[in-house]
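Below is one structure; the comments refer to it alone.
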Ligand SMILES: NC(=O)c1ccc[n+]([C@@H]2O[C@H](COP(=O)([O-])OP(=O)(O)OC[C@H]3O[C@@H](n4cnc5c(N)ncnc54)[C@H](OP(=O)(O)O)[C@@H]3O)[C@@H](O)[C@H]2O)c1
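In the working numbering, the protein residues as written are 976 to 1169.
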């Protein structure tokens, strides 16, 4: 069974961005040894154009070979004219409004999102599935998430877009690893308690 991992940047108070979802205020902390760690451990989570810019475009995928994102998250790239933001991965975008994919590398999941995710998880293979977000799709897929990698940035938003746009639901996870950095960034990895 392949793992579905929600790999996400969030504020200290658990928001993935401002009320519109913009998390760019967190980028300034992803520097120095934080940048080094993320680029070494999770090179495939950088968009393809970023990999090209930082010279890691030929680094093989280490943890994931597939990405799933909601149309809200995909829109961030589309608005920049980028139709395949993660061309080094198999890309799936959940959307009921996008009837045709803007790119041959991007497959639209129009209905039965959970069934499609279960199908992907059941495939053979050593690499897992990167759930990119955003909030709404993470909320809908909460029951399918096997692992959380939370990049916690030392900033409080007060309000914003929550990590999970779901109803109240208690779901327990077990801490597997913590990496703390001098600039206050903490990356925590959790497994779902089954
Ligand atoms: N901090 C971080 O690390 C991080 C990571 C990723 C994203 N983000 C931010 O998150 C924001 C987007 O989050 P969001 O919650 O607004 O949107 P989202 O979860 O990315 O996408 C929501 C959209 O996904 C589609 N969808 C949802 N459930 C579906 C289902 N069951 N079947 C088919 N399609 C489904 C719908 O698209 P249609 O309306 O087309 O039907 C829905 O509008 C962005 O601003 C982005 O910057 C932050």
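Ideal Cβ positions, reconstructed from N, Cα and C, are used throughout, including at glycine.
Since the structure is predicted, the reported quantities are computational estimates derived from the model, not experimental observations.
Exercise. CB of residue 1155 to nearest heavy atom of ligand 1: below 6 Å?
Worked result: No.
Exercise. Got a sec? Which residues, its chain only, sit under 7 Å from residue 1144 by beta carbon, not counting five neighbours each side?
Worked result: Contacts found: 1117.
Problem set entry | 3-residue-minimum beta strand (DSSP E) runs that sit fully inside the region 985 to 1042, ordered along the chain | Counting only unbroken stretches of 3 or more residues, the beta strand (DSSP E) elements lying wholly within the region 985 to 1042 are 990 to 992, in sequence order.
Problem set entry | Proximity test, residue 1115 beta-carbon vs ligand 1 heavy atom, cut-off 6 Å | Taken from the Cβ of residue 1115, at least one heavy atom of ligand 1 lies inside 6 Å.
For this session: Could you say if the region 1058 to 1068 and the region 1123 to 1134 meet the contact criterion of at least three C-beta pairs nearer than 8 Å?
Result: Touching, no.
For this session: Taking residue 1148 and residue 1105 to be in contact with their CB atoms under 8 Å, please state how far apart those CB atoms are, rounded to whole angstroms.
Result: Between residue 1105 and residue 1148 the Cβ distance is about 17 Å, and since that is not below 8 Å, they are no contact.
For this session: Would you tell me roughly how many angstroms separate the C-alpha atoms of residue 976 and residue 1090, rounded to the nearest one?
Result: The alpha-carbon atoms of residue 976 and residue 1090 are separated by roughly 14 Å.
For this session: Measure the C-alpha to C-alpha separation of residue 1015 and residue 1088 and round it to an integer number of angstroms.
Result: Cα to Cα, the separation comes out at about 31 Å.
Exercise. Considering only C-alpha positions, which residue in the set 1110, 1055, 1157 and 1009 is nearest to residue 1043?
Worked result: Nearest in C-alpha terms to residue 1043, of all of 1110, 1055, 1157 and 1009, is 1110.
For this session: With DSSP as the reference, label residue 1126 as helix, strand or coil.
Result: Strand.
For this session: State the beta-bridge partners of residue 1083 as determined by DSSP.
Result: Note: residue 1083 sits in a beta bridge opposite 1068.
Exercise. What number of angstroms, rounded off, separates the C-alpha of residue 1114 from the C-alpha of residue 1037?
Worked result: C-alpha separation (whole angstroms): 26 Å.
Exercise. Are the CB atoms of residue 1121 and residue 978 nearer to each other than 7 Å?
Worked result: Going by C-beta atoms, residue 1121 is nearer than 7 Å to residue 978.
For this session: List the DSSP bridge partners of residue 1120.
Result: Looking at the DSSP assignment, residue 1120 forms no beta bridge with any residue, so it has no partner.
Exercise. With DSSP run on the structure shown, which of helix, strand or coil describes residue 1159?
Worked result: Note: residue 1159 maps to coil in three-state DSSP.
Problem set entry | When 1050, 1166 and 999 are compared against residue 1125, the one with the closest alpha-carbon | Of the listed residues, the one whose Cα sits closest to residue 1125 is 1166.
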